[in-house]
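In the working numbering, the protein residues as written are 1 to 482. Using N, Cα and C, we set each Cβ at its ideal position, and we do this for glycine too. Beneath this line is the structure, given in structure tokens, with notes to follow.
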């Protein structure tokens, strides 16, 4: 049965794998081909540990940096997570729960989406599941000793926290469990070992923190872009964990479906970790609860001070989410009700997957289509609000045939002084300007670029829409060929 589930997980993660890269993926694809000095320079502005960057640097040497090649590691990590989760539960003799959890994760639209993204989230989720698996096996031993099992736990945990900073929240959940169980020896060994191994990265972490603080101070819209409203954060996470990256455009329908999902998930999660008619909880289930609750709660509270909460950053607790749901279903006394709930969840998963696969709106930003369109334009220039957004164009136009001008060079908001290229457009006698309106609310919230184009004598004549990218065509008034 598990082999069939693994095969299904692989197939579902290969569908639409060649869709366009979006901004962050394009940065990854270009950076991976550079030397380590260049990679470290880019990492300083990307608030993530280095492991995935290093992995992709060597990966592209053998497989290239095409869309499929860049995303294939995430696919493999995603499928491997399904297998680890199954082994995790089989070890504690929860065969039915193991099958259910593996099936839910294999068909999860949220997990599939990020198993198709050339970023570190799928890898971090895999190492989180692996770390929890070895942590559980160590706790089954009657006496702690430094053996092969401990070394495997140590390695998988190090790989987790070097993949994603949110991995520290999973590690915190493990340390809280040890503290509650008064296993202070194991706790101190872990804290000392992980601190020692992570110390070399601390200077770069400090640089990343300073860069992030500078971006928040310089760009007023940064916090809104990277953070979910405090009171929406936890409910939205439960909703996205269930339906994935799709949305429902009718607000009334979306509200009632969201409410039903929250109530159903909440009921099954509570039922999943509590024994029937009691409030006692086993050691194994307690570990799972901590794995799910601690990262969710800490990241939610931390968003009050560091605005950085997004459901996808918590992908590494998604296995615990499905595990608790499967536990809740298996704890239901009625077999008919069990089959109904399992069927309902699979219907939700496959229905949301179908919407994601078939509707381009739910795909990633269509930079491929945008660049193909811009390459066909003659006697024109392309305008971007900021140079920091040119990565996808560089990826799809490696020969730099598209001539780009920028509203700003760095992370500063646009002002008239930074727009010297726009102010000089008429001097170059450019008939058409194609304004790619990407992250305008972040870099040009006052729409100064539009004012400057009008002052230069340009009039908007057309709007061209690609998925999540709008291109406005401007033409120079009274233009004459010379």
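Contact set for residue i: own chain, Cβ-Cβ below 7 Å, skip 5 residues either direction
i	result
residue 279	Legend: pLDDT at residue 279 = 47, less than 50; position of this residue unreliable, value from coordinates given subsequently. Cβ neighbours of residue 279 beyond the five flanking positions: none.
residue 472	435, 437, 460 and 463
residue 159	51 and 127
residue 39	31, 53 and 57
residue 339	none
residue 156	127, 130, 131 and 134
6 Å Cβ shell around residue i - same chain, five flanking residues per side excluded
i	result
residue 262	235 and 238
residue 371	393, 396 and 397
residue 341	329
residue 90	98
residue 298	169
Beta-carbon proximity check, residue i vs residue j, cutoff 8 Å
i	j	result
residue 17	residue 71	yes
residue 108	residue 77	no
residue 345	residue 355	no
residue 315	residue 296	no
residue 407	residue 466	no
residue 327	residue 97	yes
residue 88	residue 129	yes
residue 111	residue 259	no
residue 26	residue 56	no
residue 137	residue 149	yes
residue 291	residue 132	yes
residue 152	residue 135	no
residue 333	residue 230	no
residue 75	residue 116	yes
residue 374	residue 329	no
residue 124	residue 164	yes
residue 331	residue 285	no
residue 207	residue 86	no
residue 8	residue 357	no
residue 348	residue 242	yes
residue 300	residue 233	yes
residue 367	residue 469	yes
In DSSP terms, what residue i is bridged to
i	result
residue 471	436 and 464
residue 238	DSSP output for residue 238 lists no bridge partner at all.
residue 406	384
residue 476	458
Cβ neighbours of residue i in the same chain (closer than 8 Å, five flanking residues each side left out)
i	result
residue 161	49, 167, 168, 171, 194 and 198
residue 377	432 and 434
residue 92	136 and 284
residue 240	110, 311 and 312
residue 351	none
residue 226	307, 308 and 310
residue 404	381, 382, 383, 384, 390 and 393
Within-8 Å CB hit, residue i to chain C
i	result
residue 212	Protein chains in the displayed structure number just one, and chain C is not present.
| With a cut-off of 8 Å, do at least 3 Cβ pairs link the region 384-394 to the region 434-446? | yes
| query | Where are the alpha helix (DSSP H) runs, 4 residues long or more, that stay fully inside the region 305-388, in chain order? | reply | 318-330, 335-358 and 367-375
| Along the chain, which unbroken stretches of the alpha helix (DSSP H) at least 4 residues long are found entirely within the region 427-466? | 440-443 and 448-455
| Any contact of the region 76-85 with the region 244-257, i.e. 3+ C-beta pairs under 8 Å? | A contact between stretches requires three or more CB pairs, one per stretch, nearer than 8 Å, and the region 76-85 fails this requirement with the region 244-257.
| query | Enumerated in chain order, which unbroken segments of the beta strand (DSSP E) with a length of 3 residues or greater are wholly contained in the region 152-230? | reply | Complete beta strand (DSSP E) runs here, min 3: none at all.
| query | Does the region 153-173 come close enough to the region 194-201 that 3 or more CB-CB pairs lie under 8 Å? | reply | yes
| Taking one C-beta from the region 216-224 and one from the region 437-454 each time, how about it: are there three or more such pairs within less than 8 Å? | yes
| said: Contact between the region 39-48 and the region 390-407 is defined here as three or more beta-carbon pairs at a separation below 8 Å; is this criterion met? | reply: no
| Taking only runs of the alpha helix (DSSP H) that begin and end inside the region 20-67, which ones reach a length of at least 4 residues, in chain order? | 23-31, 36-43 and 51-63
| field | Any 3 or more C-beta pairs closer than 8 Å across the region 315-325 and the region 89-106 | value | Yes, the region 315-325 is in contact with the region 89-106.
| request: Please determine if the region 359-378 and the region 20-39 are in contact, where contact requires at least 3 C-beta pairs separated by less than 8 Å. | output: yes
| query | Do the region 170-184 and the region 61-70 make contact, defined as three or more Cβ pairs closer than 8 Å? | reply | By the Cβ test, the region 170-184 is not in contact with the region 61-70, since fewer than three Cβ pairs between them sit closer than 8 Å.
| query | Any chance the region 250-265 sits against the region 305-312, with 3 or more Cβ pairs inside 8 Å? | reply | no
| task | Scan the region 83-112 and note each continuous alpha helix (DSSP H) run of 4 residues or more that stays entirely inside, going in chain order. | result | 95-106
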